[in-house]
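Trainee:
There are 2 protein chains.
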Amino acid sequence: MSTKFVYDFKEGNKEMKYLLGGKGSNLAEMTNIGLPVPPGFTITTEACNDYYASEKSIKAEIREEIKSHLETLEKNLGKTLGSDKNPLLVSVRSGAVFSMPGMMDTILNLGLNDISVIGLTEATKNERFAYDSYRRFIQMFSDVAMEVPKYKFESVLDRIKEEKGYAQDTDLTTEDLKAIVEEFKAIYKKEIGNPFPQDPKEQLLLAIEAVFRSWNNNRAIVYRKLNDIDNNLGTAVNIQSMVFGNMGDTSGTGVAFTRNPATGENKLFGEYLINAQGEDVVAGIRTPQDISTLGTVMPDVFKQFVEITHTLEGHYRDMQDIEFTIENERLFILQTRNGKRTAQAAINVVVDLVDAGIIDEKEAIMRIEPNQLDQLLHPKFEDAAINSSAAIAKGLPASPGAASGKIYFNADDAVEAAGRGEKVILVRLETSPEDIEGMVKAEGILTARGGMTSHAAVVARGMGKCCVAGCGELNVDEINKEVSAKGLVLNEGDYISIDGSTGKVYVGEIKKTEVSLSGNFGRLMGWVDKYKQMAVRTNADNPRDSRAAVEFGAEGIGLCRTEHMFFEEDRIEAVREMILSDSVEEREKALERIIPMQRRDFVEIFEVMDGKPVNIRLLDPPLHEFLPQDDETIKELAKNMGRSVSDIKKKIVDLHEFNPMLGHRGCRLAVTFPEICVMQAKAIMQGAIEATKKGIKVTPEIMVPLVGEVNELKLLRGIIVETVEEVIKQEGVAVDYTVGTMIEIPRACLTSDEIAEVADFYSFGTNDLTQMTYGYSRDDAGKFLGEYEDKGILEKDPFQVLDQTGVGKLVKMAAELGRGVKPDLKLGICGEHGGEPSSVEFCYNLGLNYVSCSPFRVPIARLAAAQASIKNPRK
Amino acid sequence: MSTKFVYDFKEGNKEMKYLLGGKGSNLAEMTNIGLPVPPGFTITTEACNDYYASEKSIKAEIREEIKSHLETLEKNLGKTLGSDKNPLLVSVRSGAVFSMPGMMDTILNLGLNDISVIGLTEATKNERFAYDSYRRFIQMFSDVAMEVPKYKFESVLDRIKEEKGYAQDTDLTTEDLKAIVEEFKAIYKKEIGNPFPQDPKEQLLLAIEAVFRSWNNNRAIVYRKLNDIDNNLGTAVNIQSMVFGNMGDTSGTGVAFTRNPATGENKLFGEYLINAQGEDVVAGIRTPQDISTLGTVMPDVFKQFVEITHTLEGHYRDMQDIEFTIENERLFILQTRNGKRTAQAAINVVVDLVDAGIIDEKEAIMRIEPNQLDQLLHPKFEDAAINSSAAIAKGLPASPGAASGKIYFNADDAVEAAGRGEKVILVRLETSPEDIEGMVKAEGILTARGGMTSHAAVVARGMGKCCVAGCGELNVDEINKEVSAKGLVLNEGDYISIDGSTGKVYVGEIKKTEVSLSGNFGRLMGWVDKYKQMAVRTNADNPRDSRAAVEFGAEGIGLCRTEHMFFEEDRIEAVREMILSDSVEEREKALERIIPMQRRDFVEIFEVMDGKPVNIRLLDPPLHEFLPQDDETIKELAKNMGRSVSDIKKKIVDLHEFNPMLGHRGCRLAVTFPEICVMQAKAIMQGAIEATKKGIKVTPEIMVPLVGEVNELKLLRGIIVETVEEVIKQEGVAVDYTVGTMIEIPRACLTSDEIAEVADFYSFGTNDLTQMTYGYSRDDAGKFLGEYEDKGILEKDPFQVLDQTGVGKLVKMAAELGRGVKPDLKLGICGEHGGEPSSVEFCYNLGLNYVSCSPFRVPIARLAAAQASIKNPRK
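Listed in order, the protein sequences are those of chains B and F.
Each residue of the first sequence is one higher than the one before, starting from 1 at the first, in this note's numbering.
Each residue of the second sequence is one higher than the one before, starting from 876 at the first, in this note's numbering.
(1) Who are the neighbours of F/E1353 on chain B, taking C-beta pairs under 7 angstroms?
(2) With a threshold of 8 angstroms between beta carbons, is F/K1525 in contact with chain B?
(3) Provide the residue(s) that pair with F/G1129 in DSSP beta bridges, ordered along the chain.
(4) Label F/D1310 either buried or exposed according to how many other C-beta atoms from any shown protein chain fall within 10 Å of its C-beta, with 16 as the threshold for buried.
(5) Quick one: Cα of F/L1399 to Cα of B/P746, how far?
(6) Give the C-beta separation of F/E1711 and F/V1686 to the nearest angstrom, bearing in mind that I take them to be a contact with Cβ-Cβ under 8 angstroms.
(7) Using the C-alpha atoms, what's the distance from F/P1730 back to F/Q1742?
(8) Here's a check: name, in chain order, each residue in its chain whose Cβ is nearer than 8 angstroms to the Cβ of F/Y893, leaving out the five neighbours to either side.
(9) Bridge partners of F/E1357, per DSSP?
(10) If we require 4 or more residues per run, which alpha helix (DSSP H) segments fall completely within the region 997–1041 of chain F?
(11) Beta-carbon within less than 6 angstroms of B/T42's beta-carbon, same chain only, minus the 5 sequence neighbours each way: which residues are those?
(12) So F/V1086 and F/F1207 are in contact, right, with Cβ under 8 angstroms, and what is the actual spacing, rounded?
(13) Answer with yes or no whether the minimum CB distance from B/V575 to chain F is below 8 angstroms.
(14) By the three-class DSSP mapping on this structure, what secondary structure does B/F602 have?
(15) Could you check if B/R159 is buried or exposed, using at least 16 other CB atoms within 10 Å of its CB as the buried criterion?
(16) Would you mind working out which of F/A1563, F/L1228, F/E1448, F/T1045 sits nearest F/E1606, comparing C-alpha positions?
(17) Would you call the CB atoms of F/A1137 and F/T1217 closer than 8 angstroms?
(18) Quick check: what's the CA-CA separation for B/A554 versus B/S646?
(19) Find out if the Cβ-Cβ distance for the pair F/N1395, F/I1222 is shorter than 8 angstroms.
(20) In chain order, what residues of the same chain lie with their CB nearer than 8 angstroms to the CB of F/A1095, ignoring the 5 residues before and after it?
(21) Starting from the Cα of B/Q203, find the closest Cα among B/V297, B/E154, B/L89 and give me that residue.
(22) Quick one: is F/F1087 near chain B, going by C-beta distance under 8 angstroms?
(23) Counting only C-beta atoms, is B/V301 closer than 8 angstroms to chain F at any point?
(24) Look up B/N232 in the DSSP assignment and say whether it is helix, strand or coil.
(25) Inspect the beta-carbon positions of F/M1173 and F/E1204 and report whether they are closer than 8 angstroms.
(26) Can you have a look at B/Y151 and say buried or exposed, based on whether 16 or more other CB atoms are within 10 angstroms of its CB?
(27) Taking the alpha carbon of F/R1451 as the point to measure from, which residue in F/P1418, F/E1716, F/L1502, F/A1332 has its own alpha carbon closest?
(28) Could you give the residue range of the alpha helix (DSSP H) that holds B/G314?
(29) Report the residues of the region 760–789 of chain B with a CB closer than 8 angstroms to any CB of chain F, ordered along the chain.
(30) Going by other Cβ atoms of all chains shown within 10 Å of its Cβ, with 16 needed for buried, is F/E1584 buried or exposed?
(31) Would you decide whether B/L310 is buried or exposed? Buried here means 16 or more other CB atoms lie within 10 Å of its CB.
(32) Would you say B/M661 faces chain F, with C-beta separation under 8 angstroms as the test?
(33) Hey, out of F/G1517, F/R1749, F/V1733, F/L1530, whose CA is closest to F/L1252's CA?
(34) So, does the CB of F/V972 fall closer than 8 angstroms to a CB anywhere in chain B?
(35) Grab the span of the alpha helix (DSSP H) containing B/F566 for me, first residue to last.
(36) Got a sec: which bits of the region 1353–1372 of chain F sit with their beta carbon under 9 angstroms from any beta carbon on chain B, in order along the chain?
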């Protein structure tokens, strides 16, 4: 039997992708599940290869097969190519095995010529439409199939519009269009040497050859090279009959979802237009009608359509987004695909489908895009309210949510205003740790500088607070307390609204919808916990965040940063005195004042976490971050300490660093000022014992940051253990504890076999690890990272999505070397990546015990962890 | 046959280290080559293990062996332990297999008691000496062997000295000492419960047991743990007879070198004292005599000694440093070891030994400590001149050499003064790239801040210019142009002298010796080149440094930094205009002005290098480094550019970075400002073609800095190749060139298999790689690195000695991954480590093609490379 080169849509199915291409096999699949797809056929990829093997010619055998399928098509539809009465028109599309956006465009309405244009006029009762279609076809065919430059045709249109004083293409009359068709045919003849082909079969063969040739055009070759696609696959060609929704009042076109894409409600949702083509719906000239009214207009068609929607949901086992056309009361399905939906709808749909027995729990879990959950966890502006307000600026969507309030330009003013009961938006050039109190009290934070991982962004996400960062269009003048954009000047106390999910900034107050978590969300998360095999913890520095995180399902604290506690109003002065001390004794005296406050912090957190593990990191930032910058505060500090202002200023200058990120911070502080480490270890253990006495089971994990050399950890572990044991002895209550380290320096990963010997656990600090592995300062990289993404140098911002190739290799090395010497070494991650789905999967596959992320990302991480387990279950 | 536990020195040799310990086997070796070593015997490490196996007792069998060896010793020497006539006294020393500084101290003069002290008096005719020895012995024995606290004895001495009004121990009379002996014995009895042992054999057994116990004291256990020494090795005990050089005019003591340790001259060099103990020579109370006069005083002894020195040189095949004692005309050799010597002497000695056929060329090469060569390559202050000048401060020895000159506090003043013919020392808080011209003109550089790898240090080493950096004791006031230290204030124009090899700073001018390279240096370096299998290049940015490096044997340029060229007076303004431009066009206009100057730089360097490879790195530092900081210059710049001062200042603020080290620099500049890269590529190729036309073979290596992601190099390689090919086409002259990258970002190492695909070569920039792998900013790490070394966290400064464990692992990974995809990938290193011997060896062992270092370190690197080849020859 000789090879078959052409398949009717009825002859294929979705498994035949390599022979029929992606598009062809899908059209076949839809046809075979009984959908009224406009009929047609597919010329195989083998035919394409044969074309190249036959010195770029379609051999007679294949031409014969095409002819025969075309005849069948005409017979089935009762239409004829080139006819002057309701003529058959077809579309011609390429269809490779893998989607290749660089390839040939579609040719529509093939079959139009000087005669069939009359037939189309008659069938649609619309001469203007027929001639408009004809001139478009000539232009498209010439450009796409024959490579006649498009501008040659465009310039004719432009000339005529100018001559006639028309503003738009739609102003062209039927007579204009007839004249244009003649001019277009003349251009074709001049460029190609032959008249525009009037024989539709010749049009078809030329179009098919053009598709075959497009397989080897430059764009396609480059695309295949970049995407590693085999050059020998070839492309298929799809020939499909055109259907028309503009053939009078028994025709129409529309779009429908099988369920409500906003809520997930199981009720048909969509709209249609009578006597219209698809473009008309998009153009918005006429207002479409609700799909439910179709039942009255064309009851039979509607009934058929409703049945089809059930068939489609059943077949694809998901909510469908369907395009349809009715041609003379005959329904055609043009396309169906899984419908885009809100997070709310997505969850409701999968829970419904599970209840209906269509999918199982695991599939339900796999169906939800983890990042989408973010929508559910934050308030949003009401759509209608947004539509009526124009954004005055757009920054980075740094922390999701929506917030309105009065502008204040510094933390003190913000705290004061909030104290008066005002809603506050804190607007700053950029934030620093000194602004923490103001950030806590504000509804949202807006900064002019800084990226997605700037201080403002990181802290706001940690608090689950709305933040727009790096909004460069704003001119923020902190001194004169005004902010301007696009010529508009706003002053302290003026209302603005910011959307942390879009980065947009609006003037005035905008209404918000508070989204409550529905019961289905809870059911889904229940399944998630059933299949998830890796724990999800949270990064939280205070009882408030800890409580929020527990509500979101956090199973412990993966990172409690102690420095934020240092900034609180009642203790920053003691901290500053400690830093400015000249002797160990003075420093210890100041530290003694801090101990009770730190202890209280820990007790409260232990209480909230109620037996769940709590990982506490010792002081990390460089000391100069705690010192004041403004003269006022310096003066006051000097007075309180009985020192001269110049003395304090000198100390501040001495502490200045060229590259603080790589400076005197992390465990380096504890090495040079062991008394700080002693104070913290003491406060942690005293807190743990106090909580234990209250009946709470506590096992603090004490974490030493920024270790790069095992001797650092050896020394500090010794100091911590000695301190902690002394507290235990004094108090007479034994509490279990572990001592480990944050792995955030490349050298720690490289020497993990040494470090694991003295660590009970590792927590990967992938923020800093990314900074050092790439050599990017996240405070400065904004200056070039945008251009890096634009130029395709970086696919994704490595501070948002863990770079598995480079940074991930270090994480893997650290995990393997560490577990090599200590198989039960506990491993976690507490960088921003701990809440990013692809990074969560990577961590799961490396065998990490947990990921930790900001409270509002906990549900996302839980879902991502469950998906990872389902893909690749751990034994 | 039962185990033998005690060996006479005559019965052992240097191979028996595990049985006799290090010290014991050496004493045996010296005895057996015929040296008159004071006789004695060694109790084996097996005896120590037996002691522990026998519940901490020395079993009878071993006691018997000790007794028998002791009797033989007495017989051979004709002396008896405890005798009242010329008694035998012995020393007892521990001797482990590996040297363990934490173990038991030595006990001298064992055997003294109430009777033998009279014998010693008679033998030495010195009663005071005898009783002084006795009281010292009681104290030492009680402390070392019986753990009676030292202070108990010291307090007696203090009391008596106070009572008698003595200033020093030497004021004590014989009668005083006799009384002290009685008091000491009383203390012993009180503390131990028994009287001080009068039986010398009991003394000996107690001392031996004490040595055995010391094997398991805390210090020793910790030391073994830290140094990975097996706990089961045990320690040996050495019993050696004491000899006395203070027995009258036929006795004496001295020290001699077989050759002159300062010059290497083959002539006995040393001094001695008649009727004296070793301490007397050290105490300096009497002036020793030149060794040559011993021939007149004791001709036979001298003849024997000269013969022995020949024997020793022959046996150890190196210059020896020998300690000897003459007791009653009998010569004893107490110790011999390879003599310490100057670099000059070291070279002359090995060349002599090769000429004498004693060692071969390879051994000569292995004998020279590469770092020592540094002494030969820089001028030094005359020893006498230094001794009479007290240093006023001490900083880091940042770049070797010696310099005197008048103080100037900024680059402009320095340049001006040098123009007037003055010798200048540039004194700054710290230097920045703006100071380059001043540094070039200065004799030496002195800074108050910054470490061994600060800007001043790195640049000065590159220039081979003397530099003392980080001299924190100095208060430098650049505004008022004065510097003070220890209360002394110096002003502009005052003379100071700085020693870059010691870090010392002196007031006034000090005489220097210019060391010329002798013929033997040339001969040694000739052998070095014969055995060396890895090339040594230099880091040089201008023709002057390149020329110096070629004279020192550089085989090419491994790193030519183009940014230093940007700072030269005639072009910095064009560079600044380029940076401050608002559009690509403006920037290109400014760059056009720079091209001819850059081209000229390259032509000159190509000429000096005359066919040797030249690696040119594209612009690396962040742009803000080129901008002025002072108002004056900013004002001038604004005027010249026709811009407002505030405009320029705003731009400077915009370019500010939090962590410039991790900021917008290196290839990131070329990605965002491709026109800079185009300008540089053009200048390089135009320069190469101009040189080629002059008949010089040029193959420029164009190096892209700071690549961390292959796509950066892909993009820039494309731009460079396109630019270069266009120049070649325009000029009609083809020049070979290669394009590669500096590997200095951890991620580059981790993804080296990707990067190697688009690189012709790698040059490891281990300075930055160390910064990022450790997370240390070299500008800031000074604040804690000192403490890190003090606390034993870091063994060595990783910016000086390549960290093989961590950073080296990345280098290895990069080399292996890179060569895995491109076996002929050319690999080099251009960080500071390229001139550090252990790092050079590491690079050689990784298979690198070359190392590159500052010109003055080239001979050191050549020698280190030769030593590496000799240890482990490449096929």
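From the three backbone atoms N, C-alpha and C, an ideal C-beta is built for every residue, glycine too.
Mentor: The structure says:
(1) Numbered from 1 along the second sequence, position 478 holds the residue referred to as residue 1353 of chain F. By Cβ distance, chain B contributes nothing, its closest Cβ being about 14 angstroms from F/E1353, past 7 angstroms.
(2) Residue mapping note: residue 1525 of chain F aligns to position 650 of the second sequence, counting from 1. False, the Cβ-Cβ gap to chain B never drops below 8 angstroms.
(3) Locating residue 1129 of chain F in the second sequence gives position 254, counting from the first residue. The bridge partners DSSP lists for F/G1129 are F/Y1147, F/F1199.
(4) Translated into the one-based positions of the second sequence, residue 1310 of chain F becomes position 435. With 16 or more other Cβ atoms within 10 Å, it is buried.
(5) In the second sequence, counting from the first residue as 1, residue 1399 of chain F sits at position 524. In the first sequence, counting from the first residue as 1, residue 746 of chain B sits at position 746. Those two C-alpha atoms are separated by around 42 angstroms.
(6) Along the second sequence, one-based indexing puts residue 1711 of chain F at 836. Along the second sequence, one-based indexing puts residue 1686 of chain F at 811. Not a contact, Cβ separation roughly 14 angstroms.
(7) As a first step, residue 1742 of chain F is located in the second sequence; it is residue number 867 there, counting from the start. As a first step, residue 1730 of chain F is located in the second sequence; it is residue number 855 there, counting from the start. Each residue's Cα considered, the two are about 20 angstroms apart.
(8) By one-based count along the second sequence, residue 893 of chain F stands at place 18. Hits under 8 angstroms: T920, V972, L1108.
(9) Within the second sequence, residue 1357 of chain F is the residue found at index 482, counting from 1. Answer by DSSP bridge pairing, in chain order: F/D1352, F/N1366.
(10) Secondary structure remark: continuous alpha helix (DSSP H) runs of at least 4 residues inside the region 997–1041 of chain F, in chain order: 1002–1015, 1025–1039.
(11) For the purposes of this step, residue 42 of chain B is taken as the residue at position 42 of the first sequence. If the five residues before and after B/T42 are omitted, its C-beta is found closer than 6 angstroms to the C-beta atoms of Y7, L20, G24, A236, N238, all from its own chain and listed in chain order.
(12) Here the question's residue 1086 of chain F lines up with position 211 in the second sequence. Here the question's residue 1207 of chain F lines up with position 332 in the second sequence. Contact doesn't hold; Cβ gap of about 23 angstroms is too wide.
(13) Start at 1 with the first residue of the first sequence, and residue 575 of chain B comes out as number 575. For B/V575, the nearest beta carbon of chain F is not closer than 8 angstroms to its own beta carbon.
(14) Walking along the first sequence from the start, residue 602 of chain B turns up at place 602. Reduced to three states, the DSSP call for B/F602 is helix.
(15) Taking the first residue of the first sequence as position 1, residue 159 of chain B is located at position 159. Classification for B/R159: exposed.
(16) On the second sequence, position 731 is the one that residue 1606 of chain F refers to. Of the listed residues, the one whose Cα sits closest to F/E1606 is F/A1563.
(17) If you number the second sequence from 1, residue 1137 of chain F lands on position 262. If you number the second sequence from 1, residue 1217 of chain F lands on position 342. Yes, the Cβ-Cβ distance between F/A1137 and F/T1217 is below 8 angstroms.
(18) As a working note, residue 554 of chain B is residue 554 in the first sequence. As a working note, residue 646 of chain B is residue 646 in the first sequence. Rounded to the nearest angstrom, the two C-alpha atoms are 48 angstroms apart.
(19) Locating residue 1395 of chain F in the second sequence gives position 520, where the first residue counts as 1. Locating residue 1222 of chain F in the second sequence gives position 347, where the first residue counts as 1. In this structure, F/I1222 lies closer than 8 angstroms to F/N1395 by Cβ.
(20) The residue labelled residue 1095 of chain F in the question sits at position 220 within the second sequence. Closer than 8 angstroms at Cβ, skipping near neighbours: M975, G977, M978, S1089.
(21) Residue mapping note: residue 203 of chain B aligns to position 203 of the first sequence, counting from 1. The option with the nearest alpha carbon to B/Q203 is B/L89.
(22) If you number the second sequence from 1, residue 1087 of chain F lands on position 212. Under the Cβ distance rule, F/F1087 does not count among the residues neighbouring chain B, no pair being separated by less than 8 angstroms.
(23) Taking the first sequence and counting its residues from 1, the one referred to as residue 301 of chain B is at position 301. Output row for B/V301: interface = no.
(24) As a working note, residue 232 of chain B is residue 232 in the first sequence. B/N232: coil per DSSP, three-state reduction.
(25) Numbered from 1 along the second sequence, position 298 holds the residue referred to as residue 1173 of chain F. Numbered from 1 along the second sequence, position 329 holds the residue referred to as residue 1204 of chain F. Cβ atoms of F/M1173 and F/E1204: closer than 8 angstroms.
(26) Along the first sequence, read from residue 1 onward, the residue named residue 151 of chain B stands at position 151. An exposed status is given to B/Y151, since fewer than 16 other beta-carbon atoms sit within 10 Å of its beta-carbon.
(27) Within the second sequence, residue 1451 of chain F is the residue found at index 576, counting from 1. For F/R1451, the nearest C-alpha among the options comes from F/L1502.
(28) By 1-based counting over the first sequence, the position of residue 314 of chain B is 314. B/G314 -> alpha helix (DSSP H) spans 299–316.
(29) The residues in question are D768, Q771, M772, T773, Y774, G775, Y776, S777, D779, D780, A781, K783, F784, E787, Y788.
(30) In the second sequence, the residue the question calls residue 1584 of chain F occupies position 709. With 16 or more other CB atoms across the displayed protein chains lying within 10 angstroms of its CB, F/E1584 is buried.
(31) The sequence position of residue 310 of chain B within the first sequence is 310, counting from 1. Reading the sequence as shown, one finds His at residue 310 of chain B and not Leu. Only exposed fits B/H310, as fewer than 16 other CB atoms lie within 10 angstroms of its CB.
(32) For the purposes of this step, residue 661 of chain B is taken as residue 661 along the first sequence, with counting starting at 1. Taking Cβ atoms only, chain F reaches closer than 8 angstroms to B/M661, which makes this a yes.
(33) One-based indexing of the second sequence puts residue 1252 of chain F at position 377. Checked all of F/G1517, F/R1749, F/V1733, F/L1530; the closest Cα to F/L1252 is F/V1733.
(34) Stepping through the second sequence from its first residue, residue 972 of chain F is reached at position 97. False, the Cβ-Cβ gap to chain B never drops below 8 angstroms.
(35) Start at 1 with the first residue of the first sequence, and residue 566 of chain B comes out as number 566. Secondary structure note for B/F566: its alpha helix (DSSP H) is the uninterrupted segment 563–566.
(36) The region 1353–1372 of chain F vs chain B, Cβ under 9 angstroms: nothing.
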